[in-house]
Amino acid sequence: MDQETRQLLGFDEAVALLEQFAHTPAGRARLAALQPLREPERLQQRLQRLEEAVRFVSQESRVAFAHLEDPRPLLEKLNERASVLEPSECLDLAEVLKTGQYLRKTFDPQEWPLLAQWTRPLDPPDRLLSEIERIFDPNGEIRDQAHPQLAKVRNQAVKSRKEAQKHLRALLQKRSDSVIQDAYVTSRNGRFVIPVKTERQSSIPGVVHGASSSGATVFIEPLSAVELNNQFIYYQEREQELIRQILARLSDRMREEIENLRLISDLIARVDALMAACEYADKFRCVLPALEEGSRLDLRQARHPLLLASLGDEKVVPIDIRLSREENGLIISGPNTGGKTVALKTVGLLSLMAQCGLPVPAENAVLPIFRAVLADIGDHQSISQHLSTFSAHVLSISSMMEALSGEDGRPTLILLDEIGTGTDPVHGAAMAIAVIDHFRKRQALVIATTHHQSVKVFAATEKGLINACVELDPKTQAPTYRIRFGLSAGSSGLEVAQRLGLPQAIVEQARGLMKETDQQAEQYLRHLRRELDEARAAKDEARELSRQMEEEKRRLEERHSRQLARQEKEFEKTLEKWAREFKRQGDRYLKSVKDRFESAKARRQLQQKQAALKEAFRRQVRRERSQDVEGESQSPPSLQAGDWVSHTLFGKRGKVIRVEEGQAHVDFGGKRMDCPLEQLKAEEKESGGKRKLPKNVSLQASQAEVSPQLNLIGRTVEEAVIEADKYLDQAVLSEHREVRIIHGHGTGRLKEAVGEFLKTHPHVRSYKRDGGATFVTLRE
Numbered sequence: 059m060d061q062e063t064r065q066l067l068g069f070d071e072a073v074a075l076l077e078q079f080a081h082t083p084a085g086r087a088r089l090a091a092l093q094p095l096r097e098p099e100r101l102q103q104r105l106q107r108l109e110e111a112v113r114f115v116s117q118e119s120r121v122a123f124a125h126l127e128d129p130r131p132l133l134e135k136l137n138e139r140a141s142v143l144e145p146s147e148c149l150d151l152a153e154v155l156k157t158g159q160y161l162r163k164t165f166d167p168q169e170w171p172l173l174a175q176w177t178r179p180l181d182p183p184d185r186l187l188s189e190i191e192r193i194f195d196p197n198g199e200i201r202d203q204a205h206p207q208l209a210k211v212r213n214q215a216v217k218s219r220k221e222a223q224k225h226l227r228a229l230l231q232k233r234s235d236s237v238i239q240d241a242y243v244t245s246r247n248g249r250f251v252i253p254v255k256t257e258r259q260s261s262i263p264g265v266v267h268g269a270s271s272s273g274a275t276v277f278i279e280p281l282s283a284v285e286l287n288n289q290f291i292y293y294q295e296r297e298q299e300l301i302r303q304i305l306a307r308l309s310d311r312m313r314e315e316i317e318n319l320r321l322i323s324d325l326i327a328r329v330d331a332l333m334a335a336c337e338y339a340d341k342f343r344c345v346l347p348a349l350e351e352g353s354r355l356d357l358r359q360a361r362h363p364l365l366l367a368s369l370g371d372e373k374v375v376p377i378d379i380r381l382s383r384e385e386n387g388l389i390i391s392g393p394n395t396g397g398k399t400v401a402l403k404t405v406g407l408l409s410l411m412a413q414c415g416l417p418v419p420a421e422n423a424v425l426p427i428f429r430a431v432l433a434d435i436g437d438h439q440s441i442s443q444h445l446s447t448f449s450a451h452v453l454s455i456s457s458m459m460e461a462l463s464g465e466d467g468r469p470t471l472i473l474l475d476e477i478g479t480g481t482d483p484v485h486g487a488a489m490a491i492a493v494i495d496h497f498r499k500r501q502a503l504v505i506a507t508t509h510h511q512s513v514k515v516f517a518a519t520e521k522g523l524i525n526a527c528v529e530l531d532p533k534t535q536a537p538t539y540r541i542r543f544g545l546s547a548g549s550s551g552l553e554v555a556q557r558l559g560l561p562q563a564i565v566e567q568a569r570g571l572m573k574e575t576d577q578q579a580e581q582y583l584r585h586l587r588r589e590l591d592e593a594r595a596a597k598d599e600a601r602e603l604s605r606q607m608e609e610e611k612r613r614l615e616e617r618h619s620r621q622l623a624r625q626e627k628e629f630e631k632t633l634e635k636w637a638r639e640f641k642r643q644g645d646r647y648l649k650s651v652k653d654r655f656e657s658a659k660a661r662r663q664l665q666q667k668q669a670a671l672k673e674a675f676r677r678q679v680r681r682e683r684s685q686d687v688e689g690e691s692q693s694p695p696s697l698q699a700g701d702w703v704s705h706t707l708f709g710k711r712g713k714v715i716r717v718e719e720g721q722a723h724v725d726f727g728g729k730r731m732d733c734p735l736e737q738l739k740a741e742e743k744e745s746g747g748k749r750k751l752p753k754n755v756s757l758q759a760s761q762a763e764v765s766p767q768l769n770l771i772g773r774t775v776e777e778a779v780i781e782a783d784k785y786l787d788q789a790v791l792s793e794h795r796e797v798r799i800i801h802g803h804g805t806g807r808l809k810e811a812v813g814e815f816l817k818t819h820p821h822v823r824s825y826k827r828d829g830g831a832t833f834v835t836l837r838e
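The sequence shown begins at 59 in the numbering used here and counts up one residue at a time.
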């Protein structure tokens, strides 16, 4: 990557922002070392792995490494022969091994194939981890079982410590307060001592191991305690010697696994960097870029990462930059402070990030795979090198032309800020056109900003070049930072100067000095911008009207559904009321029938008639509704200009302007649109009454043949009970005396459920099971 371009575009600062999301020094170092790739296969694999990691984080959770120490210094130490790790260092490497083990298990090759590729070379560290767990307890202390002699030595050390302390406490009890400063046992230089007043130290023969800060007390190891202290120190030193032997063996064992440890360390750095990219993408609402062969560039709602970090998402105005495969140049014009340079830097920085396999802050990003990204942005003048602004720009452009040598078939992104400035405007504009043309002929994709009218005209007339502009708000003259394609814009230097405080008299005098042709050009550009604003406003208004109509359609459909449901409920309520009255009249008639057999027969006939009439009512109402709907959808109205109509879907009332070819052009309160005739209804009063139920339905209930057996095999318990209940009703109406219900053997649940159901059913007189079926005797 060109170092100057890297600096101009703020690439290092953008990567530093990304590094903040990494948990480990190795992960941050890996991000800092990122370089753009040009190989499509490597790029696609890197982006696909990032996409897989984003899915992993959304479904699982981020793999955290904040608890890990940097293993690289420990691996360097371990690489030295005969080096012995400290207990804390052994435990730190154990955490590294556990993390590798966790990643190996977490990245299932079936679900996360690309992430699993990183863990495949790892050897399972189970045996080494088991050995570490045998040596260290959960608190990180070395276990007694770590060496055959360690427990015995530790016990001896405890015993000798207690004996030395006991001896000194007994000695303190024998001495008077005039000799002893304080009656307690302490230690100095690893040996147990007692505090004695300085002026009475000769009273206790022994070794002085120090004095208090005030000098009033000396700490003496009595001669009688020397041997006891020697034993205690011996066992302590012996314990440390055994621990060193344990650590030396463990260090050798880890040294055997050093390559696997390096692989795990590298894996942790890779995954940490990848997880940082996922977290960055989530925080700044990024998208994974699509990288294509050719020169197509499509950035939607793109935002500069450094502006996002400093200003916040709410204050950054996103931009759209689009170039088709047939276009290889974009000329951006407009006022100073309008955002032209930020647009250049955004395209350049996002292109570099994409080719590093990173997410970019945008809603959509399609970018070419560039051979290089080269930029000439800002004022490079240098007094020490005797360079003017123009000279510095020329030298920068010359170095870009040299960098284009050795083309590999891929486009180079050329970013030129304020091209042709710093010299005579005529010469500068001519040079700018020549430079842009040169780069385009070398398959470069050029994005340049300019104030030169000639360059804007060149872009408007040259195939493959397009104009775009950044603009000021027409009312406030403040920058909007938005880019509009297809138009160029004036520099608006006088408006900007006035907004920044230049006196009005000077601004007016400057306007008077402008050539008439320049003023006409400025006026023409303003006129074009006004027309564009009006067209855009009309488009937004039409879009809003369409949205309102869709909303109205949804609302009317919901209201229609509610009305149908309400009518259905009222119909069922009326039907039930009629059925109860039918039953009441039938019961009164049955009471007058004295013969029991005739009464039962009449009751069954009445039940059949009632069920048949209910269904007949429902069919009739459905048929009438269907006919009404068909009638509404057929025969579009005959309309002519001047007729008032209402839209059947949206309920809007309007006036017909003209009618042609099955369409009517209608004015809905100032909004005109074309509507199919079948969606319009001539304005007239609609009947607001509710649909009445049919008063008389004369039908003969048809009696279907009911089988004497019911097969419930394959049904769930709930389904079987419901179906058996309906079947027994039908069997009684068909005057069956005995039926057979087949339930099979299976697990026995269905058989038991059928039995429990039959116990309490009002139609069942008795039942008995026979293998996989139950025979049911029905009541008369």
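Glycine included, each C-beta is placed from N, C-alpha and C at the ideal position.
At least 3 beta-carbon pairs within less than 8 Å: the segment 108 to 121 vs the segment 327 to 340: yes
C-alpha distance - A327 paired with P347, whole-angstrom precision: Here residue 327 refers to the residue found at position 269 when the sequence shown is read from its first residue. Here residue 347 refers to the residue found at position 289 when the sequence shown is read from its first residue. Going from the Cα of A327 to the Cα of P347 covers about 23 Å.
Validate contact between the segment 405 to 425 and the segment 342 to 358 using beta carbons, cut 8 Å, 3 pairs: yes
E615, DSSP secondary structure in three states: On the sequence shown, position 557 is the one that residue 615 refers to. Helix.
Contact check, I780 vs G802, beta carbons under 7 Å: Locating residue 780 in the sequence shown gives position 722, where the first residue counts as 1. Locating residue 802 in the sequence shown gives position 744, where the first residue counts as 1. No. Outside cutoff.
Residue from W176, G806, H821 whose Cα sits closest to the Cα of R827: The sequence position of residue 827 within the sequence shown is 769, counting from 1. Taking only the C-alpha atoms, the option nearest R827 is G806.
Euclidean distance between Cα positions of P419 and R302: On the sequence shown, position 361 is the one that residue 419 refers to. On the sequence shown, position 244 is the one that residue 302 refers to. Going from the Cα of P419 to the Cα of R302 covers about 54 Å.
Contained alpha helix (DSSP H) runs [length at least 4] in the segment 67 to 142, N- to C-terminal order: 69 to 77, 83 to 90, 98 to 117, 130 to 136
I190 versus Q103 - alpha carbon distance: By one-based count along the sequence shown, residue 190 stands at place 132. By one-based count along the sequence shown, residue 103 stands at place 45. Cα to Cα, the separation comes out at about 37 Å.
Among L474, V775, L75, the one whose alpha carbon lies nearest that of I505: For the purposes of this step, residue 505 is taken as residue 447 along the sequence shown, with counting starting at 1. Taking only the C-alpha atoms, the option nearest I505 is L474.
Paired residues, beta bridge with D434 - DSSP: As a first step, residue 434 must be located in the sequence shown, where it is residue number 376. Beta-bridge pairing links D434 to L474.
Residues near A382 by beta carbon distance below 8 Å, same chain, minus five either side: Here residue 382 is taken as the residue at index 324 of the sequence shown, counted from 1. Checking the displayed sequence, the identity of residue 382 turns out to be Ser instead of Ala. So the qualifying residues of the chain are R354.
Per-residue burial, G746 [other beta carbons within 10 Å of its own, 16 or more giving buried]: Residue 746 sits at position 688 when you count from the first residue of the sequence shown. Model confidence at G746 stands at a pLDDT of 38, short of 50, so the residue's coordinates are unreliable; what they give is reported in the following sentence. Per the 10 Å Cβ criterion, exposed.
Alpha carbon of S146 to alpha carbon of G198, nearest angstrom: Taking the first residue of the sequence shown as 1, we reach residue 146 at position 88. Taking the first residue of the sequence shown as 1, we reach residue 198 at position 140. Approximately 8 Å between the Cα atoms of the pair.
Identity of the residues DSSP links to W702 by a beta bridge: Position 644 of the sequence shown, counted from the start, is the residue given in the question as residue 702. Answer by DSSP bridge pairing, in chain order: K713.
Residue range of the unbroken alpha helix (DSSP H) whose run includes P145: As a position in the sequence shown, residue 145 is number 87, starting the count at 1. That run of the alpha helix (DSSP H) goes 145 to 164.
Segment contact, 8 Å Cβ cut-off, at least three pairs: the segment 87 to 97 with the segment 455 to 464: no
For S391, the three-state DSSP class (helix, strand or coil): Mapped onto the sequence shown, residue 391 falls at position 333. Correct three-state label for S391: strand.
Reduced DSSP secondary structure (H/G/I, E/B, other) of H794: Residue 794 sits at position 736 when you count from the first residue of the sequence shown. Three-state DSSP puts H794 in coil, outside helix and strand.
Selected residue, minimal CA-CA separation from A487, among P196, Q511, F497: Within the sequence shown, the letter at position 429 stands for residue 487. For A487, the nearest C-alpha among the options comes from Q511.
Sheet register partners of L349 (DSSP bridge): On the sequence shown, position 291 is the one that residue 349 refers to. Answer by DSSP bridge pairing, in chain order: L425.
Limits of the alpha helix (DSSP H) - the one that T177 falls within: Here residue 177 refers to the residue found at position 119 when the sequence shown is read from its first residue. It spans 171 to 177 - the alpha helix (DSSP H) in which T177 sits, taken as one unbroken run.
Inter-residue spacing [alpha-carbon to alpha-carbon] between R711 and Y539: Walking along the sequence shown from the start, residue 711 turns up at place 653. Walking along the sequence shown from the start, residue 539 turns up at place 481. Their Cα atoms are separated by approximately 42 Å.
Neighbour-count burial assignment, G158, 16 or more Cβ in a 10 Å radius: Taking the sequence shown and counting its residues from 1, the one referred to as residue 158 is at position 100. The residue is buried, with at least 16 neighbouring Cβ atoms inside 10 Å.
Best match in E741, A782, E110, E777 for proximity to P417 [C-alpha to C-alpha]: On the sequence shown, position 359 is the one that residue 417 refers to. Measuring from the Cα of P417, the nearest candidate turns out to be E110.
The segment 382 to 391 in contact with the segment 518 to 528 per 3-pair CB rule at 8 Å: yes
8 Å contact criterion, which L503 and L545 should meet: CB distance rounded: Here the question's residue 503 lines up with position 445 in the sequence shown. Here the question's residue 545 lines up with position 487 in the sequence shown. The pair is not a contact, with the Cβ atoms about 21 Å apart (cut-off 8 Å).
Short Cβ contact (7 Å threshold) for S323 with P183: On the sequence shown, residue 323 is found 265 positions in, with the first residue counted as 1. On the sequence shown, residue 183 is found 125 positions in, with the first residue counted as 1. Not closer than 7 Å, so no.
Spatial distance of K627 from I715 (CA atoms): Indexing the sequence shown from 1 puts residue 627 at position 569. Indexing the sequence shown from 1 puts residue 715 at position 657. Roughly 43 Å between the two C-alpha positions.
CA-to-CA distance, T256 to K232, given in whole angstroms: By 1-based counting over the sequence shown, the position of residue 232 is 174. By 1-based counting over the sequence shown, the position of residue 256 is 198. Going from the Cα of K232 to the Cα of T256 covers about 18 Å.
Beta-bridge pairing of M731 - partner residues as DSSP gives them: For this step, residue 731 is matched to residue 673 along the sequence shown. V724, per the DSSP bridge assignment.
Span of the alpha helix (DSSP H) around N769: Within the sequence shown, numbered from 1, the residue matching residue 769 stands at position 711. Per DSSP, N769 belongs to no alpha helix (DSSP H); it is in the beta strand (DSSP E), 767 to 769.
Where the beta strand (DSSP E) containing S696 begins and where it ends: Looking up residue 696 in the sequence shown gives position 638. No beta strand (DSSP E) contains S696, which DSSP labels as neither H nor E.
Under 7 Å between C-beta atoms of P766 and V790: What you label residue 766 is simply residue 708 of the sequence shown in a count that begins at 1. What you label residue 790 is simply residue 732 of the sequence shown in a count that begins at 1. Result no, Cβ atoms of P766 and V790 do not sit closer than 7 Å.
Own chain partners of Q106 with C-beta closer than 8 Å, once the 5 adjacent residues on each side are dropped: By 1-based counting over the sequence shown, the position of residue 106 is 48. Only L172 meet the Cβ criterion.
Cross-strand partners of F250 (DSSP beta bridge): Translated into the one-based positions of the sequence shown, residue 250 becomes position 192. The partner list for F250 (beta bridge, DSSP) reads S245.
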